[in-house]
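In order, the protein sequences belong to chains A and B. Remember, this note's numbering sits 40 above the position in the first sequence when you count from 1. Remember, this note's numbering sits 1 above the position in the second sequence when you count from 1. For glycine and all other residues, C-beta sits at the position ideal for the given N, C-alpha and C. Everything numeric in this text was worked out from a predicted model, so none of it was measured. Report on one structure; see the data block that follows.
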Amino acid sequence: MQGEDAKLAMTRRDLLRLIGVSAGGAAMYAAMHRMGFAAESPYRGAPALQGAPPGISVLILGAGLAGMVAAYELRAAGYQVQVLEYNARPGGRNWTLRGGDSYTELGGFTQHCQFDRGLYINPGPWRIPYHHRALLDYCKKLDIPLEPFVQVNYNAYLHRADAFGGKPQRYRTINADYRGHIAELLAKATQQSKLDAQVSKDDQALLLDSLRQWGALDKNYAYAAGPMASNRRGYAKPPGGGLSAKPLDSQPLQLHDVLTSRLWSGLTDGEILEFQTTLFQPVGGMGRIGEAFGKQLKEVIRYNTKVIAIHQDDHGVTVSHEDTRHPGHTQTAQADWCICTIPLSILSQIPINVSAPMAEAIGAVPYAASVKIGLQFKRRFWEEDEGIYGGITLTDLPINTISYPSTGFNGKGKGVLLGGYAYGLDAYQLTAMTPEARVRKAVEYGSQIHPQYAQEFDNGVAVAWHRAPFTLGCFATWTDELRDKHYQNLCQVDGRIALAGEHASYLPAWQEGAVTSALDVITRIHQRVVAGGAA
Amino acid sequence: MKRLSAIALLLLACTPFACAQTSGQTFYTYASLTHANGEEIFHAICQGCHMPDAKGAIGAGAYPALTGNPKLASPQYMAAVILFGRHDMPSFVMKPSDHKNFFEDAKLSDAQIADVINYVRTHLGNHYINSITAAEVTAMHPQYMATKP
Numbered sequence: 041m042q043g044e045d046a047k048l049a050m051t052r053r054d055l056l057r058l059i060g061v062s063a064g065g066a067a068m069y070a071a072m073h074r075m076g077f078a079a080e081s082p083y084r085g086a087p088a089l090q091g092a093p094p095g096i097s098v099l100i101l102g103a104g105l106a107g108m109v110a111a112y113e114l115r116a117a118g119y120q121v122q123v124l125e126y127n128a129r130p131g132g133r134n135w136t137l138r139g140g141d142s143y144t145e146l147g148g149f150t151q152h153c154q155f156d157r158g159l160y161i162n163p164g165p166w167r168i169p170y171h172h173r174a175l176l177d178y179c180k181k182l183d184i185p186l187e188p189f190v191q192v193n194y195n196a197y198l199h200r201a202d203a204f205g206g207k208p209q210r211y212r213t214i215n216a217d218y219r220g221h222i223a224e225l226l227a228k229a230t231q232q233s234k235l236d237a238q239v240s241k242d243d244q245a246l247l248l249d250s251l252r253q254w255g256a257l258d259k260n261y262a263y264a265a266g267p268m269a270s271n272r273r274g275y276a277k278p279p280g281g282g283l284s285a286k287p288l289d290s291q292p293l294q295l296h297d298v299l300t301s302r303l304w305s306g307l308t309d310g311e312i313l314e315f316q317t318t319l320f321q322p323v324g325g326m327g328r329i330g331e332a333f334g335k336q337l338k339e340v341i342r343y344n345t346k347v348i349a350i351h352q353d354d355h356g357v358t359v360s361h362e363d364t365r366h367p368g369h370t371q372t373a374q375a376d377w378c379i380c381t382i383p384l385s386i387l388s389q390i391p392i393n394v395s396a397p398m399a400e401a402i403g404a405v406p407y408a409a410s411v412k413i414g415l416q417f418k419r420r421f422w423e424e425d426e427g428i429y430g431g432i433t434l435t436d437l438p439i440n441t442i443s444y445p446s447t448g449f450n451g452k453g454k455g456v457l458l459g460g461y462a463y464g465l466d467a468y469q470l471t472a473m474t475p476e477a478r479v480r481k482a483v484e485y486g487s488q489i490h491p492q493y494a495q496e497f498d499n500g501v502a503v504a505w506h507r508a509p510f511t512l513g514c515f516a517t518w519t520d521e522l523r524d525k526h527y528q529n530l531c532q533v534d535g536r537i538a539l540a541g542e543h544a545s546y547l548p549a550w551q552e553g554a555v556t557s558a559l560d561v562i563t564r565i566h567q568r569v570v571a572g573g574a575a
Numbered sequence: 002m003k004r005l006s007a008i009a010l011l012l013l014a015c016t017p018f019a020c021a022q023t024s025g026q027t028f029y030t031y032a033s034l035t036h037a038n039g040e041e042i043f044h045a046i047c048q049g050c051h052m053p054d055a056k057g058a059i060g061a062g063a064y065p066a067l068t069g070n071p072k073l074a075s076p077q078y079m080a081a082v083i084l085f086g087r088h089d090m091p092s093f094v095m096k097p098s099d100h101k102n103f104f105e106d107a108k109l110s111d112a113q114i115a116d117v118i119n120y121v122r123t124h125l126g127n128h129y130i131n132s133i134t135a136a137e138v139t140a141m142h143p144q145y146m147a148t149k150p
């Protein structure tokens, strides 16, 4: 009995493993959840900050989304706000590079973006999940038009240099064949009574019906060449009109070839909570959000201002700063309270008198490496030649991602695509190159997927986040251990100082984390102010 | 570079952009990085922040120079920074990872950490005579690492 149970259990485990993507997808999801990546926004509307005594001042460090949300709401509640910003523009990592823009990274490497009018790349955040309600609410308040961001495109590619001789495969094909073969296996196991111990006879009938539908199986529960499979994976010759109208069915790949290609590892990205349909992007670039906030807060943001030191006492907060265009001449700004949104990568280097646990937290979190590369081409060949409209191609090459623009579809002019979105070791190595070399690498690697690159490439820009003068890294890489030890300490109101930003959230790297952390912190400071103003 | 097909190389050679300069850099994978020496590691990773001339950089914050920096007098200090990280700089220590995430950091062996330290301290305008060994780096691991079989 025991032996038979063990055998049954093995069968089920094997099947689960096959059904799974389980290994890749679920493990990744679990890891992401641990990192905070899969958390939904708790946003339930902007806080109502009523009853603040007049004349209370708040100094906000950083005009990124966290800082500007804080300034916007506090000013509306009657506070006197002032914002100090290192860059000459609002937005921080909310940023769009367009033709005519210049960007100088650390080391003095300057790029002049030569994209055509209306074309752009978002070096930082580039997509807004539908459940990032706080950010969406501010887009509505600030009249920022949104359009759909295409994440999953069945006609885009999955690519690995060592799979199918390096020939990219359509997402549609791998998805259909992977599912079809799994459905067939599970149907066979059901018909051979191998699931009798787990699934009742009635349920087995339903299971078989569902497998036929889910996997596009034929009447014999086989995944085989025919109209069912072609309608999922595509035809050898698609149906048309007239004399040559008759379609030809395509031949599914063998299960072995699908499995050993490992291309299935790219099937589940669009099923992760953050990437589920619908996603959005602001029309004209993600930077439209920062720009709109900047316009609203024009009178209170001081640009080109580098924070040198932050000091608090019983009476308030004093921040020393200097004009980045005239360094050496230190000035000060004072306020009753300070909300600091400076990334920890930089704040850890600035003298600040907060409690030892908070100071330790500020210095404890490393920042992720990430590189994004925008490439302009003379024509939208991915649409014209390959029928790819928006969406993402995934590859194991160092560029990792090619994303086709989710706007300007079917246009006649030039086009800009995201030619690389690297992280980890690939990002370190791209960061270590000159911007020109990064662009060249993206063109070299991308040519393996789109041979048109060689002919159609026009110009490009590359942003390596560790070389960004205003962040020194992409985002805070929390681990379970770091969160247990430091997160609570980081998020306290320490005397008259509190921190906000994606680093003070469970939505790291997401704009929603910055926005919700700002709303949380202004609510807590407001409560203290209303309760008596003493820190 | 080695993955690039001959055809793509040929085609690229014809574009004006590619003719301007060849990058000549190898892309390491997590596997092939284990064979990189100190000099190669410096150019593939360290110079991203510390800059190709090792002079560091200053923006809203700063990356320290790895040339003419008195802290380089102690190879143990350098090893500690690479092993444990410092502020925004991640740890490069080889540690068992229970979860693979998409921003997984580069990992260096103790021999590689020693080698990159010795490279930096004898190049890039630095002329230190003493060096550090892989065993000395190993000895600096926290207890939980050292007791692992």
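Proximal chain A residues relative to residue i, where beta-carbon distance stays under 7 Å
{"i": "Leu34 of chain B", "result": "Leu465"}
Contact set between residue i and chain B, taken where Cβ atoms lie within less than 9 Å
{"i": "Gln154 of chain A", "result": "Those within 9 Å of Gln154 of chain A in chain B number zero; the least Cβ separation is about 12 Å."}
{"i": "Pro169 of chain A", "result": "Ordered by position in chain B, no residue passes the 9 Å Cβ test against Pro169 of chain A, which lies about 17 Å from the chain."}
{"i": "Ala373 of chain A", "result": "Residues of chain B passing the Cβ test: none, with the nearest at roughly 16 Å."}
Within chain B, partners of residue i - CB distance below 7 Å
{"i": "Lys346 of chain A", "result": "Ala61"}
Whole-angstrom C-beta distance between residue j and residue i, which should lie under 8 Å
{"i": "Ala106 of chain A", "j": "Thr511 of chain A", "result": "Not a contact, Cβ separation roughly 13 Å."}
{"i": "Asn134 of chain A", "j": "Gly158 of chain A", "result": "The Cβ separation is near 19 Å, so there is no contact."}
{"i": "Asp111 of chain B", "j": "Val82 of chain B", "result": "That belief does not hold up - the Cβ atoms of Asp111 of chain B and Val82 of chain B are roughly 14 Å apart, past 8 Å."}
{"i": "Ala256 of chain A", "j": "Ala227 of chain A", "result": "Going by Cβ atoms, the distance from Ala256 of chain A to Ala227 of chain A rounds to 12 Å, so no, they are not a contact pair."}
{"i": "Ala115 of chain B", "j": "Ala135 of chain B", "result": "5 Å"}
{"i": "Gln416 of chain A", "j": "Asp289 of chain A", "result": "Incorrect: roughly 39 Å between the Cβ atoms, too far for contact."}
Residue i versus residue j: straight-line alpha-carbon distance, rounded
{"i": "Pro169 of chain A", "j": "Gly448 of chain A", "result": "21 Å"}
{"i": "Lys181 of chain A", "j": "Gln336 of chain A", "result": "11 Å"}
{"i": "Arg420 of chain A", "j": "Tyr178 of chain A", "result": "33 Å"}
{"i": "Val109 of chain A", "j": "Ala538 of chain A", "result": "15 Å"}
{"i": "Ile390 of chain A", "j": "Gly62 of chain B", "result": "8 Å"}
{"i": "Gln120 of chain A", "j": "Leu114 of chain A", "result": "8 Å"}
{"i": "His44 of chain B", "j": "Ile413 of chain A", "result": "20 Å"}
{"i": "Gly324 of chain A", "j": "Pro397 of chain A", "result": "42 Å"}
{"i": "Arg138 of chain A", "j": "Leu146 of chain A", "result": "20 Å"}
{"i": "Ala67 of chain A", "j": "Pro406 of chain A", "result": "Only weak support is given to the placement of Ala67 of chain A: the predicted model assigns it a pLDDT of 43, under 50, and the value that follows is read from those uncertain coordinates. When rounded, the distance between both Cα atoms is 23 Å."}
{"i": "Asp353 of chain A", "j": "Gln532 of chain A", "result": "17 Å"}
{"i": "Leu319 of chain A", "j": "Arg167 of chain A", "result": "6 Å"}
CB contact check: residue i to chain B, cutoff 8 Å
{"i": "Gln151 of chain A", "result": "no"}
{"i": "Ile537 of chain A", "result": "no"}
{"i": "Gln385 of chain A", "result": "Note that residue 385 of chain A corresponds to Ser in the displayed sequence, not to Gln. By this cut-off, Ser385 of chain A is an interface position."}
{"i": "Phe333 of chain A", "result": "no"}
{"i": "Ser290 of chain A", "result": "no"}
{"i": "Tyr126 of chain A", "result": "yes"}
{"i": "Tyr626 of chain A", "result": "The question about residue 626 of chain A has no answer here: the residues shown for chain A are numbered 41 through 575."}
{"i": "Ala103 of chain A", "result": "no"}
{"i": "Thr471 of chain A", "result": "yes"}
{"i": "Ala502 of chain A", "result": "no"}
{"i": "Gly131 of chain A", "result": "no"}
{"i": "Gly147 of chain A", "result": "yes"}
{"i": "His506 of chain A", "result": "yes"}
Test: residue i CB closer than 8 Å to a CB of chain A
{"i": "Gly69 of chain B", "result": "no"}
{"i": "Gly86 of chain B", "result": "yes"}
{"i": "Ala140 of chain B", "result": "no"}
{"i": "Asp89 of chain B", "result": "yes"}
{"i": "Gln22 of chain B", "result": "With a pLDDT of only 34 at Gln22 of chain B, under 50, the local geometry of the prediction cannot be trusted, and no value is derived from it."}
{"i": "Tyr29 of chain B", "result": "yes"}
{"i": "Ala107 of chain B", "result": "yes"}
Chain A contact residues for residue i, given Cβ-Cβ distances below 9 Å
{"i": "Tyr78 of chain B", "result": "Chain A residues near Tyr78 of chain B: none, gap ~16 Å exceeds 9 Å."}
Chain-ordered chain B contacts of residue i [CB-CB under 8 Å]
{"i": "Gln389 of chain A", "result": "Gly62, Ala63, His88"}
Closer than 8 Å to chain E by CB, residue i
{"i": "His543 of chain A", "result": "Included in the structure are the protein chains A and B, with no chain E among them."}
**OP:** Closer than 8 Å, Cβ to Cβ, to anything on chain A: give me those residues from the stretch 31-57 of chain B, in chain order.
**Re:** Tyr31, Leu34, His44, Ala45, Ile46, Cys47, Gln48, Gly49, Cys50, Met52, Pro53
Original post:
Which of the residues in the stretch 396-413 of chain A, read from start to end, lie with their CB under 9 Å from any CB of chain B?
Top reply: Ile402, Gly403, Ala404, Val405, Pro406, Tyr407, Ala408, Ala409, Ser410
Original post:
According to a CB-to-CB cut-off of less than 8 Å, which residues of the stretch 420-447 of chain A neighbour chain B?
Top reply: Leu437, Pro438
Original post:
Mind listing which residues of the stretch 509-522 of chain A have their C-beta closer than 7 Å to chain B's C-betas, in chain order?
Top reply: Pro509, Phe510, Leu512, Gly513, Thr517
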